[in-house]
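Numbering (my numbering), first residue to last: 5 to 288.
So the structure is just underneath, and the comments pick up after that.
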């Protein structure tokens, strides 16, 4: 059975429905689920599901009593970034789901998510993660303990300083939990000959062989039914599994939907300046 794809989102934004539509197009046998609000129900495409945040928020509300706001981000936004993991865990319990793919509302999915290798991505990216219920149980317990116990919170803040004086966010706790509790090596999103995108507007992480950039974003190619990144220092391509259109890059989401990709199989690339797919040549 195909694992479900789950989004959790409170706002009413058009790109949410597009990303759900793409998840269904790339994994037609999977349940594609939004845990959202009454207001954003209208953005759920045909063949997908909508469930209410309020129906799964008991333990998330409990976590709020321990939460300490240690970020320049908005209080409610940052709190909800942590609470969503409790919502997700409780939804999985209520619906007897053992494993899911979680995606943020600005991530487009292109691969079959049922490959066992993709479990290596567990909680490495907070916006794109395959995780099982047992892992989420442990992660939610970890979050509660680290905000409830002053000594554990201080250790977490020390970790924030070590990695570059970053604010405390669920992106930090995901990596800390993965490194020190799951003890999993980093993939940096690259698994085999493919990659899960960190951010369209950033290169791959420094340990990885780099792919070409264009206008400060990853240069994305299309050929023979697949999206690709082209290595910059050697021949060959990495297949695209996801693209993360963070911030202003959301503008490009419609152009990257499967239905809007080139109809011809020749090598194309996406030109950000004109927002078009153009035929590539050997010099591109």
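From the three backbone atoms N, C-alpha and C, an ideal C-beta is built for every residue, glycine too.
Predicted, not measured: the structure shown is a model, and the values here were computed from it.
Leaving aside the five residues that flank residue 114 on each side, the residues in its chain whose CB is nearer than 7 Å to its CB run, in chain order, 30, 231, 244, 245, 246. DSSP, read as helix, strand or coil, puts residue 136 in strand. CA-CA distance, residue 17 to residue 27, rounds to 17 Å. Along the stretch 221-278, the alpha helix (DSSP H) does not occur as any fully enclosed run of 4 or more residues. As computed with DSSP, residue 111 is found in a beta bridge with 248.
Bounds of any alpha helix (DSSP H) do not take in residue 131, whose DSSP letter is neither H nor E. Counting C-beta pairs closer than 8 Å gives fewer than three between the stretch 29-44 and the stretch 122-134, which falls short of the contact rule.
DSSP lists 56 as the bridge partner or partners of residue 40.
By the C-beta density criterion, residue 57 is buried, having at least 16 other C-beta atoms within 10 angstroms. Shortest Cα-Cα distance from residue 212 to any of 220, 37, 219, 198 involves 198.
In the three-state DSSP reduction, residue 87 falls in the helix class (H, G or I). In this structure, 84 is the residue among 53, 24, 84, 52 with its C-alpha nearest to the C-alpha of residue 173. Contact between residue 260 and residue 112 holds: their C-beta atoms lie close to 6 Å from each other, under 8 Å. Counting the other CB atoms within 10 Å of its CB gives residue 64 a total of 16 or more, which places it among the buried residues.
In this structure residue 126 touches residue 182 by the C-beta definition: roughly 7 Å separates them, less than 8 Å. DSSP places residue 10 in the uninterrupted beta strand (DSSP E) bounded by 9-12. Per DSSP, the unbroken beta strand (DSSP E) holding residue 283 starts and ends at 280-283. Distance from the Cα of residue 220 is smallest, within the candidate group 206, 228, 227, 103, for 206. Between residue 110 and residue 250 a beta carbon distance of about 6 Å is seen, short of the 8 Å cut, so the two are scored as contacting. Of the residues 248, 226, 164, 217, the one whose Cα lies closest to the Cα of residue 236 is 217.
The closest CA to that of residue 190, considering only 210, 254, 23, is found on 210.
Rounded to the nearest whole angstrom, the C-alpha separation of residue 97 and residue 137 is 8 Å. Around residue 140, the same chain offers 93 as residues with beta carbons nearer than 6 Å, after the five sequence neighbours per side are excluded.
For residue 119, DSSP records no beta bridge to any residue.
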